[in-house]
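Residue numbers are given in our numbering: position 16 of the sequence shown equals residue 404, and the series is strictly consecutive. Step one of this worksheet: look at the structure below.
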Amino acid sequence: MDIIAREILRHLPKAGESRRLFHGRGHCFAGFNDLVIDYYPPIVLVILYRERPQDWLIELTELLMAALPLAPEGIVLQERFRSGAPSRLLQGILPDDVEANEDGLRYRLRLGDAQNVGFFPDMAVGRRLLRENAKDKRILNLFAYSCSFSVAALVGGAEQVVNLDMNRGALELGRLNHRINHIDLRRTSFLPMELFRSFGRLRRCGPFDLIVCDPPASQGKSFTAERHWPKLIRRLPELLTPHGEVLACLSTPTMTITQLRQMFTELLPTARLVERHTPDEDFPEADIERGTSVLHYRLN
Ligand SMILES: C[S@@+](CC[C@H](N)C(=O)[O-])C[C@H]1O[C@@H](n2cnc3c(N)ncnc32)[C@H](O)[C@@H]1O
């Protein structure tokens with residue numbers, strides 16, 4: 389518990405912002421690769437990837453109640469090692485409408501509904517990069533999920549964002565995320581479609597100045613990194629303006645950053661890597677080849 393207590397104290401949240409308190413998935417803390425703790429005031433979300441004894445859970449709950457400056461209203465445990473990744477309360481209550489709060493923007497969570505709670509904290513690096521680069525651009529957000537990239541882009545001054553995801557429910561949450569941030573919905577659209585059957589439709593919406601590609605690590609037949617990244621990279625030029633940009637987000641243990649870069653070199657030789665971005669110190673990673681990364685490309 390000492391390692392966890394030390395990390396929590398190093399990552400105490402600032403002014404009501406959400407924060408990752410413990411990032412075990414980066415393999416930097418021996419014995420705790422299975423543990424992630426996120427703080428979304430007023431609740432704490434503990435995610436476990438393997439079963440731990442009840443005594444240990446009680447000790448962790450007491451530690452969290454004592455360590456956080458404002459005692460959380462609820463501590464939720466999500467058990468990823470069980471089928472369907474069920475959630476239950478370890479302490480307190482689950483308030484209505486819990487939100488992530490990042491850089492002054494709000495993202496509604498769906499705690500307990502599904503494996504993914506509606507928001508990926510480690511992609512803050514991508515949202516910030518996009519917000520800084522979005523001004524006056526037409527943007528295509530692929531694998532949009534709850535549209536956090538779209539919210540960040542439009543607040544950063546994007547002219548228009550097209551969001552595509554085959555999960556209609558996730559896009560509904562995305563629509564809500566625009567509304568709670570007071571974004572004019574006329575500047576965005578939501579396409580509930582399978583990507584690889586939609587290039588014709590996307591071409592008619594384009595061309596785009598910037599495309600965000602943030603696919604899942606792996607999702608049945610819908611996306612596997614080795615098979616679908618090459619298919620996607622090949623099709624990017626038909627959707628982009630001559631000097632268009634791509635943010636390629638990678639967070640899968642099955643493919644390295646070097647492999648993704650090789651694919652771009654081979655399949656899209658006109659694209660130049662502007663910079664590689666990695667998450668900040670809240671997400672320590674032992675193997676930077678496999679942790680979350682965002683590759684920023686520009687066509688020459
Ligand atoms: C990792 S999430 C994307 C996270 C999102 N970019 C964000 O910022 O929160 C992956 C999403 O890809 C979608 N997806 C997976 N395969 C797809 C496909 N072939 N076509 C369209 N959407 C797909 C899933 O429905 C899921 O919402």
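Each residue gets a CB set at the ideal place from its N, CA and C atoms; glycine is no exception.
DSSP, reduced to helix, strand and coil, places F611 within a strand of the structure shown. Here the distance from the Cβ of H665 to the nearest heavy atom of ligand 1 is not below 8 Å. Q466 sits in a strand when the DSSP states are folded into three classes.
Distance from P667 to V513 at the Cβ level is roughly 5 Å; contact confirmed, criterion being Cβ atoms closer than 8 Å. The C-alpha of A522 is placed about 15 Å away from the C-alpha of L628.
At the C-beta level, C637 and D602 come within 9 Å of one another. Boundaries of the alpha helix (DSSP H) around N565: R556 to I568. Taking every protein chain shown into account, the CB of A403 has fewer than 16 other CB atoms within 10 angstroms, so this residue is exposed.
Comparing alpha-carbon positions, the option among R686, G608 and F417 lying closest to P630 turns out to be R686. Spanning the alpha carbons of E490 and F584 requires a straight line of approximately 32 Å. For D426 against L409, the beta-carbon gap comes to about 7 Å, under 8 Å, which counts as contact.
Contact between the stretch 596-613 and the stretch 632-648 is present, with at least three C-beta pairs closer than 8 Å. Proximity of the beta carbon of E614 to ligand 1 is not indicated: no heavy atom of the ligand is located closer than 8 Å. Residue range I645 to L655 is occupied by the alpha helix (DSSP H) that includes T653. DSSP lists C601 and L683 as the bridge partner or partners of A636. In the DSSP assignment, T576 falls within the beta strand (DSSP E) that extends over T576 to L579. Pairwise C-beta distances place the stretch 435-451 in contact with the stretch 469-487, as three or more of them are shorter than 8 Å.
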